[in-house]
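Have a look at the structure below, then the notes.
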Amino acid sequence: MSKQIEFPMLSNYLKIALRFLMRNKVYTLINITGLSVGIACCLLLTLYVNDELSFDTHHHEVENLYRVVTEFESEGETYMHAYSSPPMGPAFMEEIAQVEYSTRLVSPPGVDRSLLRYKEQLYYQEGGFLADSTLFQVFTYDFVEGNPETALQGRHMMVVSDKVAKKIFGDESPIGEIINLNMGGSEGDYTISGVYKSDTYKSFVMPEFIISMNSAGWGDWIASERQWAGQNFVPTFVRLKQGAVVSDVQASMNQLLVKYGSEQLKMLGMKKNLQMEAVSDIYLYNNFNESARITYVKIIFTIAIFLLVLACINFMNLATAKSTRRAAEVGVRKVMGAQRGNLVYQFLGETFVIVSISMGFSLLILEMALPLFNNLSDKNISLWDVNGGFLLGSVLIIILLTALLSGSYPAFYLSSFQPAKVLKSKVSLGTSSGLVRKGLVVFQFIISIALLSGVIIISRQLNYMKEKDLGFATDSRVVIPLLTVEAMQQYDALKTDLAKVSNIRQVAGTLYPPGSFIQNDWSFYKPGTTMDEGVDTRINTVDYDYVEILGQKLLAGRSLSQELDAYGTNRVLVNRMALERLGVKVEEAVGMLLTTDWQDQKISYEIIGVLEDFHHMSLQSEIAPVMYRLRESSENRDGSAISNIIVEVDPTQVSATLAQIEEIWKEQVSFTPFEYNFLDQRMDALYSSARKEAGIITLFMVIAVAISCLGLYGLSMFMAERKTKEIGIRKVLGASVLSIVGNMSREFVVLVLLAFVISIPLTYWAIQYWLEDFAYRISIGADVFVFTALLALGVAILTVLYQSLKAAWANPVESLKDE
Numbered sequence: 001m002s003k004q005i006e007f008p009m010l011s012n013y014l015k016i017a018l019r020f021l022m023r024n025k026v027y028t029l030i031n032i033t034g035l036s037v038g039i040a041c042c043l044l045l046t047l048y049v050n051d052e053l054s055f056d057t058h059h060h061e062v063e064n065l066y067r068v069v070t071e072f073e074s075e076g077e078t079y080m081h082a083y084s085s086p087p088m089g090p091a092f093m094e095e096i097a098q099v100e101y102s103t104r105l106v107s108p109p110g111v112d113r114s115l116l117r118y119k120e121q122l123y124y125q126e127g128g129f130l131a132d133s134t135l136f137q138v139f140t141y142d143f144v145e146g147n148p149e150t151a152l153q154g155r156h157m158m159v160v161s162d163k164v165a166k167k168i169f170g171d172e173s174p175i176g177e178i179i180n181l182n183m184g185g186s187e188g189d190y191t192i193s194g195v196y197k198s199d200t201y202k203s204f205v206m207p208e209f210i211i212s213m214n215s216a217g218w219g220d221w222i223a224s225e226r227q228w229a230g231q232n233f234v235p236t237f238v239r240l241k242q243g244a245v246v247s248d249v250q251a252s253m254n255q256l257l258v259k260y261g262s263e264q265l266k267m268l269g270m271k272k273n274l275q276m277e278a279v280s281d282i283y284l285y286n287n288f289n290e291s292a293r294i295t296y297v298k299i300i301f302t303i304a305i306f307l308l309v310l311a312c313i314n315f316m317n318l319a320t321a322k323s324t325r326r327a328a329e330v331g332v333r334k335v336m337g338a339q340r341g342n343l344v345y346q347f348l349g350e351t352f353v354i355v356s357i358s359m360g361f362s363l364l365i366l367e368m369a370l371p372l373f374n375n376l377s378d379k380n381i382s383l384w385d386v387n388g389g390f391l392l393g394s395v396l397i398i399i400l401l402t403a404l405l406s407g408s409y410p411a412f413y414l415s416s417f418q419p420a421k422v423l424k425s426k427v428s429l430g431t432s433s434g435l436v437r438k439g440l441v442v443f444q445f446i447i448s449i450a451l452l453s454g455v456i457i458i459s460r461q462l463n464y465m466k467e468k469d470l471g472f473a474t475d476s477r478v479v480i481p482l483l484t485v486e487a488m489q490q491y492d493a494l495k496t497d498l499a500k501v502s503n504i505r506q507v508a509g510t511l512y513p514p515g516s517f518i519q520n521d522w523s524f525y526k527p528g529t530t531m532d533e534g535v536d537t538r539i540n541t542v543d544y545d546y547v548e549i550l551g552q553k554l555l556a557g558r559s560l561s562q563e564l565d566a567y568g569t570n571r572v573l574v575n576r577m578a579l580e581r582l583g584v585k586v587e588e589a590v591g592m593l594l595t596t597d598w599q600d601q602k603i604s605y606e607i608i609g610v611l612e613d614f615h616h617m618s619l620q621s622e623i624a625p626v627m628y629r630l631r632e633s634s635e636n637r638d639g640s641a642i643s644n645i646i647v648e649v650d651p652t653q654v655s656a657t658l659a660q661i662e663e664i665w666k667e668q669v670s671f672t673p674f675e676y677n678f679l680d681q682r683m684d685a686l687y688s689s690a691r692k693e694a695g696i697i698t699l700f701m702v703i704a705v706a707i708s709c710l711g712l713y714g715l716s717m718f719m720a721e722r723k724t725k726e727i728g729i730r731k732v733l734g735a736s737v738l739s740i741v742g743n744m745s746r747e748f749v750v751l752v753l754l755a756f757v758i759s760i761p762l763t764y765w766a767i768q769y770w771l772e773d774f775a776y777r778i779s780i781g782a783d784v785f786v787f788t789a790l791l792a793l794g795v796a797i798l799t800v801l802y803q804s805l806k807a808a809w810a811n812p813v814e815s816l817k818d819e
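Oh and the sequence shown: position 817 is 817 in our numbering, straight run, nothing missing.
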């Protein structure tokens, strides 16, 4: 019998729910709006988190894939490096039984872009790598042409992404075609042996083309390197056999390091330890060069949960705010025989209806918002590309959780009314329920104030990084990369001709311009010590006038001079940090010899000048010891060749000057296209990822505050409804509108202030955790919290002002006529 009436009862509940929602259009609109926005934001951020978590999950046997990383110890401190030495990969595969495959995937040091020539067409292309023939046995690529098992086995072979194939060959098959490749000075002809899709999978590394390690130039040089201690620029990966024990493999790697590299390490005064990092962890957990992305993913996932909870709290507040109007309905239903369980089902049914309608609207909002969100986050998320099971599961879980979370308290609260009391209009809305509602509003504003404070501090940190004195000038400086041997060989001629242009103030050159990682490093020690006390120092090759064109400050000594210092001289400049690490005072540094030991030789450099510290990389990295030296030969052709020209131009004549520079370039460099970038934009680009994440957090912070305001609006409706007669009596007794508004607003001010006090320690702890990723950061002052408190109070007062004024302006005759 119960089964026969089950459907009619559900149908009846649905009809009652729809009638109630239609009769209370404002209530329905606010609820559906709040839930739609909250669910849409939660779904959007869930898709973002899912996208972030999907990186490198596609590889075959991904649980057995590892990157070999290096731990160095210097001056009693340890630091991690994502690279290893050239011969390690092949040795691991040959000598460690548990290693099934190893491969090296190398982006040539200092080469941002390569020059591809096909017939008469030239193309600059980023994302060029060299790799062993075993690359596709370790990593999974989606090949559309060619055989991945043999694609890199031959000498001078190349595989390209479908994007590169389309750009160069159009719709024609590129297999077997010959491409001339100039990869930062290493030039040769390569045969295309494979094409893979670039957007099928997501990975921490996304090559656009890969050439075989078994090739001339970079490949032969890497093969000739037998260093196990130095030359740590090679990313090495291994695939372990099933059942291999990671700790045992790691121990075997370090045994080989001792076997082949102990003497080299001793000569360099270096301590080195090899470790293994899961490939699946690289994208999210790697923090070698910047903060780990997992920090942002956790923050964004937390915001997604908070937004959904805020929307649910709004529903609860609005539902209980309408409770006085439903008390009589509950009483009548109970008198007619309805059990409390029936009423709970009815009210939960109403909630499911609202949540289901809201979900429909949220999917529309999501579809419309995705293009804007993709632009903000630099993603390419599409509802149609998301796994159907994941999307459907997420929708159903959110509907269920939202309905239960939103509807449980109102359902049990409303169904608890006693019919005898409510039918005599003596229903009490209870202290406990009032405390719950106020507690929910306090919780909402704890979240909102914490997010608001966090966004303000994040914004200040980004502004601090943008405005902080880097120790050198960036404005009006143009960087011109010399990406080919032809361009490098013409450096001196280019410099001479550019110096003659009237709108160019200075010209200089460098191997590593600001904003690029300095690959070269040696360990130096001061007189009276040994390599054991040596300090790892980054070495940048610069030309005369480099210090001057950047406006760097000299603390002692002089700069490099064309009259006094010839190419190949062992005279150098060092920064203050190098001296601090060495334990040398600035005033004692000039004339001192810094020495490094290499292959039974002692190589010494004389300090002729000391530079004030400067931020060559982003402020997320600590300032490193740096040395400036001249190139080794009068001809710009060896491994320390100048590969970038920096010119300072008249800021009022930038366009005209760039046109003159390009004209000179075309006269001197026939077969290398002209390219340039601005130094200030180059440095600013170091923070693009942080700015994107901050933009996402800011956007959803604003939405969170808006949702919280809806919650306050719901509570103000409840108060105005509850105090209708009280306000009428006050007006009859002569109370002014202002005093009534103040009386009603006072409670909300207290709630917001309570939320503010609770949020301070939580916000401080969370933001300090975020700031730890920055070596140079702002301090958190009380002004942030004071501003946040005032802003939150202002928003809260404005939110409740409408209901307060509406209640204060109401005619007391209407509110008291039934007394």
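We put the beta carbon where it would ideally sit given N, CA and C, even for glycine. Fair warning: this is a prediction, and the values are worked out from it, not measured in the lab.
By DSSP's assignment, residue 365 forms no beta bridge with any residue. If you draw a straight line from the Cα of residue 581 to the Cα of residue 620, it comes to about 20 Å. Look at residue 746 here: in three-state DSSP terms it is helix. Restricting attention to 155, 195 and 80, the CA atom closest to the CA of residue 172 is found in 195. Per the Cβ contact rule, the stretch 225 to 232 is not in contact with the stretch 474 to 485 (fewer than 3 Cβ pairs under 8 Å). DSSP places residue 86 outside both helix and strand once states are collapsed to three, so it counts as coil. Under the 8 Å Cβ criterion, the stretch 46 to 59 counts as touching the stretch 378 to 386, having at least three qualifying pairs.
Cβ contact annotation for residue 403 (same chain, cutoff 6 Å, sequence separation greater than five): 351, 352 and 355, in chain order.
With the rule of 3 Cβ pairs closer than 8 Å, the stretch 133 to 145 counts as touching the stretch 233 to 244. With a cut-off of 8 Å on Cβ pairs, the stretch 111 to 131 is not in contact with the stretch 255 to 264, counting fewer than three such pairs. The beta carbons of residue 767 and residue 458 sit closer together than 9 Å. Residue ranges of uninterrupted beta strand (DSSP E) with 3 or more members, entirely inside the stretch 242 to 297 and ordered along the chain, are 271 to 278. Exposure of residue 97 is indicated by the presence of fewer than 16 other C-beta atoms within 10 angstroms of its C-beta.
For residue 628, there is no enclosing alpha helix (DSSP H); the enclosing beta strand (DSSP E) covers residues 626 to 629. Look at residue 131 here: in three-state DSSP terms it is strand.
The beta carbons of residue 92 and residue 207 sit no closer together than 9 Å. Proximity of the stretch 591 to 607 to the stretch 495 to 503 falls short of the contact definition, fewer than three beta-carbon pairs being nearer than 8 Å.
Spatial neighbours of residue 799 in its own chain (CB-CB distance under 6 Å, excluding positions within 5 residues in sequence) are listed in chain order as 709, 712 and 713. A straight line joining the alpha-carbon of residue 269 with that of residue 538 spans about 16 Å.
When DSSP reads this structure, residue 522 sits in a beta bridge with 537. Shown here, residue 228 sits in coil according to DSSP, grouped into three states, outside any helix or strand. Separation of residue 397 and residue 391 (C-alpha to C-alpha, rounded to the nearest whole angstrom) is 10 Å. Take the alpha-carbon of residue 665 and the one of residue 645: they are about 12 Å apart. 9 Å or more divides the Cβ of residue 39 from the Cβ of residue 216. In the structure shown, the three-state DSSP call for residue 500 is coil. With the rule of 3 Cβ pairs closer than 8 Å, the stretch 563 to 583 counts as touching the stretch 609 to 619. Burial check for residue 615: the Cβ neighbour count within 10 Å reaches 16 or more, so the residue is buried. Residue 680 carries a helical assignment under DSSP once its states are collapsed to helix, strand and coil. Note on residue 151: 16 or more other CB atoms within 10 angstroms of its CB, so buried under the neighbour-count rule. By the neighbour-count criterion, in which 16 or more other beta carbons inside 10 Å mark a residue as buried, residue 182 falls on the buried side. Taking each of 271, 60 and 56 in turn and checking the Cα distance to residue 534, the smallest one comes out for 271. For residue 546, the enclosing alpha helix (DSSP H) has its first and last residue at 546 to 550. Contact between the stretch 273 to 287 and the stretch 245 to 254 is established, with three or more Cβ pairs separated by less than 8 Å.
Around the beta-carbon of residue 375, fewer than 16 other beta-carbon atoms lie within 10 Å, marking it exposed. Taking residue 54 as the centre and dropping the five residues before and after it, the same chain places the C-beta of 202 closer than 6 Å to its C-beta, in chain order. The three-state reading of DSSP puts residue 213 in coil, since its state is none of H, G, I, E or B.
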